[in-house]
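Protein chains: 2
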Amino acid sequence: MQSIGMTIGEVSKRSGVKVPTIRFYEQIGLLPSPPRSDGNRRQFDGQDLRRLSFIRHARDLGFEVNDIRELLSLADQPSQSCHEADSIAQRHLLEVEARIEKLSALRTELQRMVQECDHGRVCECRVIQILGDHGECRHETH
Amino acid sequence: MQSIGMTIGEVSKRSGVKVPTIRFYEQIGLLPSPPRSDGNRRQFDGQDLRRLSFIRHARDLGFEVNDIRELLSLADQPSQSCHEADSIAQRHLLEVEARIEKLSALRTELQRMVQECDHGRVCECRVIQILGDHGECRHETH
DNA sequence: CTTACTTCCTCTAGTGACTAGAGGAGCAAG
DNA sequence: CTTGCTCCTCTAGTCACTAGAGGAAGTAAG
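First to last, the sequence lines map onto chains H and U.
So the mapping is simple: the numbering used here equals the position in the first sequence, first residue as 1, plus 140.
So the mapping is simple: the numbering used here equals the position in the second sequence, first residue as 1, plus 140.
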């Protein structure tokens, strides 16, 4: 673990976060502003790398930036109760489950649309018909 | 079906598309600009209502505006082959299936995080630990 | 030392699909 | 006539980046 003087390109490669995104994270205060070299280049260290990896992993898991902000400030105070971190994760789990359900219903309807289309003309195309006539839709959630 | 002189509020209620969103759709050319009354109010008719319902249904199904633009122009030419409409729907189905798979993997990892957290202090919280240490993650896709 | 190439810097603007709000005008009921 | 609702236009904000301009600094080869 190289801990002194990584360039933004290095820390980008190691963390998997793109260079402009790192600058963006600094701008919105998700990552502390690192010191600069004589030539005004950002100098990152191991802690920055860990923080970026944390952010990236949380983003991959679909956490929003504000959630991550909270999770990071929790991670910075290790002796506190983790109750809040847990509830953020729980809330997020519920959201993910809701989205899976909605998408599954959607898939069913799309499958039906595609199956029923026998590739004739538009005027008898089930895809167009079903989209146009909401009453024919068996999708329950809307 | 009231076919002449619906206000934007009426057509909004009937289609389920919010008033500012209707104006937005007109602005981006998804909905043709309706005629105006003496008092400069928009006057919608039954065709506008059908078009809005079509758009709303497609948006509910997750189609992007550019897809809808294409689907609408297909629906406007009913004697053409519906091959294109079908392929848009097929492509979209594949995307939805991919998203469901990704979300399912994610749910598994979130469930594991939440289960393993025994509500102690942050320094031993599995939620924080797993987010911080990517190596511990059993999520295959990243 | 010069040249070329890459990486870095800041800044602005664009993305998608809206949403919010300001500031004002029309319309219908009491 | 006043109150309150809906409507109008316009601008700016949302989220999480991404793209591009225009320029400076670092690095490797000749």
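Each residue gets a CB set at the ideal place from its N, CA and C atoms; glycine is no exception.
Could you check the C-alpha separation between residue i and residue j for me, to the nearest Å?
| i | j | result |
| --- | --- | --- |
| U:HIS282 | H:SER177 | Any reading at U:HIS282 needs caution, since the residue's pLDDT is 45, under 50, leaving its predicted position unreliable; the model's value is listed next. Approximately 33 angstroms, taken between the alpha carbons. |
| H:ASP226 | H:ILE268 | 45 angstroms |
| H:VAL157 | H:PHE203 | 15 angstroms |
| U:VAL159 | U:LYS153 | 9 angstroms |
| U:ARG196 | H:SER173 | 44 angstroms |
| H:ILE168 | U:PRO175 | 45 angstroms |
| H:GLU264 | U:HIS232 | 20 angstroms |
| U:GLY189 | U:VAL205 | Gly is not the amino acid found at residue 189 of chain U; the sequence shown has Leu there. So the alpha carbons of these two residues sit roughly 17 angstroms apart. |
| H:ILE270 | U:ALA215 | 11 angstroms |
| H:HIS259 | U:GLU224 | 9 angstroms |
| U:GLU237 | H:ALA245 | 11 angstroms |
| U:ARG252 | H:ALA198 | 14 angstroms |
| H:SER213 | H:LEU170 | 10 angstroms |
| U:GLN187 | U:GLY179 | 22 angstroms |
| U:MET146 | H:GLU235 | 38 angstroms |
| H:TYR165 | H:ARG182 | 13 angstroms |
| U:PRO218 | H:GLU241 | 34 angstroms |
| H:LEU250 | U:GLU249 | 28 angstroms |
If you measure between the beta carbons of residue i and residue j, is that distance less than 7 angstroms?
| i | j | result |
| --- | --- | --- |
| U:LEU243 | H:ARG209 | no |
| H:LEU192 | H:SER155 | yes |
| H:PHE184 | U:GLY272 | no |
| U:ARG247 | U:CYS257 | no |
| H:GLN220 | U:VAL254 | no |
| U:ILE228 | U:ASP207 | yes |
| U:VAL262 | H:CYS222 | yes |
| H:ILE162 | H:ILE144 | no |
Identify whether residue i lies in helix, strand or coil by the three-state DSSP scheme.
| i | result |
| --- | --- |
| H:GLN154 | Correcting the residue identity first, residue 154 of chain H is Arg in this sequence and not Gln. It is helical. |
| H:SER177 | coil |
| U:SER213 | helix |
| U:SER193 | helix |
| U:SER244 | helix |
| H:LEU171 | coil |
| U:ASP226 | helix |
| H:ASP273 | coil |
| U:GLU204 | coil |
| H:VAL159 | helix |
Applying a beta-carbon distance threshold of less than 9 angstroms, which residues of chain U neighbour residue i?
| i | result |
| --- | --- |
| H:PHE194 | ILE268, LEU271, GLY272, ASP273, HIS274 |
| H:LEU211 | VAL267, ILE268, LEU271 |
| H:PRO218 | ARG261, VAL262, CYS263, GLU264, CYS265, ILE268 |
Going by DSSP, which residues form a beta bridge with residue i?
| i | result |
| --- | --- |
| H:PHE184 | H:MET146 |
| H:SER221 | U:ARG261 |
Check the Cβ of residue i against every Cβ in chain H and list those closer than 8 angstroms, keeping chain order.
| i | result |
| --- | --- |
| U:ASP302 | Nothing in the structure corresponds to residue 302 of chain U, since chain U is present only between 141 and 282. |
| U:LEU189 | Result: empty, since nearest Cβ-Cβ is about 11 angstroms, beyond 8 angstroms. |
Closer than 9 angstroms by beta-carbon distance: list the chain H residues that pair up with residue i, in chain order.
| i | result |
| --- | --- |
| U:ARG247 | LEU233, VAL236, GLU237, ILE240 |
Using a cut-off of 8 angstroms between C-beta atoms, extract the partners of residue i located in chain U.
| i | result |
| --- | --- |
| H:PRO172 | The contacting residues do not exist; H:PRO172 stays about 16 angstroms from chain U at best. |
| H:GLN230 | VAL254 |
| H:SER283 | Residue 283 of chain H is absent from the model: chain H starts at 141 and stops at 282. |
| H:SER221 | HIS259, GLY260, ARG261, VAL262 |
Can you name the residues of chain H whose CB is closer than 7 angstroms to the CB of residue i?
| i | result |
| --- | --- |
| U:GLY202 | LEU246 |
| U:GLN251 | LEU233 |
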